[in-house]
Amino acid sequence: MKVKVLVVVAALLAGFGARYLVDQNNKPAATPSEIGLLQSGTETINLFDENDERVRVVYFGYTHCPDVCPTSLAILSASLKSLPEETLEGVRPVFITLDPERDNGEAAQEYAGYFHPNIEGASTSTDKTTALARKYGVLYQITQMKDSAMEYAVDHSSYFYFLNPKGELLEKVPHTLNPNMVSDAILRLTTQTQ
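Take a look at the structure:
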């Protein structure tokens, strides 16, 4: 008799546990319009504003990044500086932090502005950051750093993501030390959208 009671209790617990997991996985996903709303400086910007026809060049990183992010944003800056004015007007460069715990919209904007005045620095909630990263296949993870003033680092993939105003991925350019690769993609994509 005791065995039967234990089996019934175990089955009930397993059923409730399975139901909990199903409920957690069936939460409504954030819509593109929701995940596209970001804080930049003290303002809210919409990454997916279809009234803004510029091609987006998005880079995901974080302001405490010691090497890859500054290098990539310097490359983006150099490529922007090489563009003719009419092409520059057709592109919207955006830096999105993967570390919203430390980087609010003001910190992200200040950081991005060091590299080029046209780069918008942006932050959002952890949930929206995760949703954006998943949408574009950005790989990242928090790595704890014992005996470091930083406490943790954000290990992440390094690509420039080119998006249309709807948020659809047009092209990805990997981390590079050559600004021409980014400039060429900007020129190609802005010409196609005109």
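Numbering-wise, the sequence shown is residues -20 to -1, 1 to 174 according to mature numbering (1 follows the signal peptide of the UniProt record, and there is no 0).
The beta-carbon is built from N, C-alpha and C at its ideal position, and this holds for glycine as well.
Quantities reported herein were computed from a predicted structural model and do not represent experimental measurements.
On the DSSP letters alone, give me the boundaries of the beta strand (DSSP E) that Tyr42 sits inside.
Within the sequence shown, residue 42 is the residue found at index 62, counting from 1. Tyr42 -> no beta strand (DSSP E), and no H or E assigned at all.
Which partner residues of Asn26 appear in the DSSP bridge assignment?
The residue you call residue 26 lines up with position 46 of the sequence shown. Answer is Leu17, bridged to Asn26.
Coil, strand or helix - Gln172 by DSSP
Against the sequence shown, residue 172 aligns to sequence position 192. The answer is helix: DSSP assigns Gln172 an H, G or I state.
By Cβ distance below 6 Å, which residues in the same chain neighbour Ser57 in space, the five residues on each side in sequence not counted?
Position 77 of the sequence shown, counted from the first residue, corresponds to residue 57. If we look at Ser57 and ignore the five residues flanking it on each side, its Cβ neighbours are Phe95 and His96.
To the nearest angstrom, how far is it from the Cα of Thr106 to the Cα of Thr156?
Within the sequence shown, residue 106 is the residue found at index 126, counting from 1. Within the sequence shown, residue 156 is the residue found at index 176, counting from 1. Distance between the alpha carbons of Thr106 and Thr156 is about 28 Å.
Verify the CB distance criterion: does Asp83 have a CB-CB separation below 9 Å to chain B?
You won't find chain B in this structure, because it holds only one protein chain.
Taking 7 Å as the limit between beta carbons, can you name the residues of its chain near Ser62, skipping five residues before and five after?
As a first step, residue 62 must be located in the sequence shown, where it is residue number 82. Closer than 7 Å at the Cβ level, and outside the excluded window around Ser62, lie Pro159 and Ser163.
Beta-bridge pairing of Glu151 - partner residues as DSSP gives them:
Taking the first residue of the sequence shown as 1, we reach residue 151 at position 171. Beta-bridge partners assigned by DSSP to Glu151: Phe142.
Going along the chain, which residues of its own chain have a beta-carbon closer than 6 Å to the beta-carbon of Gln124, five neighbours each way excluded?
Translated into positions along the sequence shown, residue 124 becomes position 144. Closer than 6 Å at Cβ, skipping near neighbours: Tyr132.
Check Arg34 in the structure and name its three-state DSSP category.
One-based indexing of the sequence shown puts residue 34 at position 54. In the three-state scheme derived from DSSP, where H, G and I count as helix and E and B as strand, Arg34 is classed as coil.
Which term fits Ile122, buried or exposed, when burial requires 16 or more other beta carbons within 10 angstroms of its beta carbon?
Locating residue 122 in the sequence shown gives position 142, counting from the first residue. The Cβ neighbour count for Ile122, taken over all protein chains shown within 10 Å, is under 16; the residue is labelled exposed.
From what residue to what residue does the alpha helix (DSSP H) around Ile122 run?
Numbered from 1 along the sequence shown, position 142 holds the residue referred to as residue 122. Under the DSSP assignment, Ile122 falls outside any alpha helix (DSSP H), being part of the beta strand (DSSP E) whose first and last residues are Tyr120 to Gln124.
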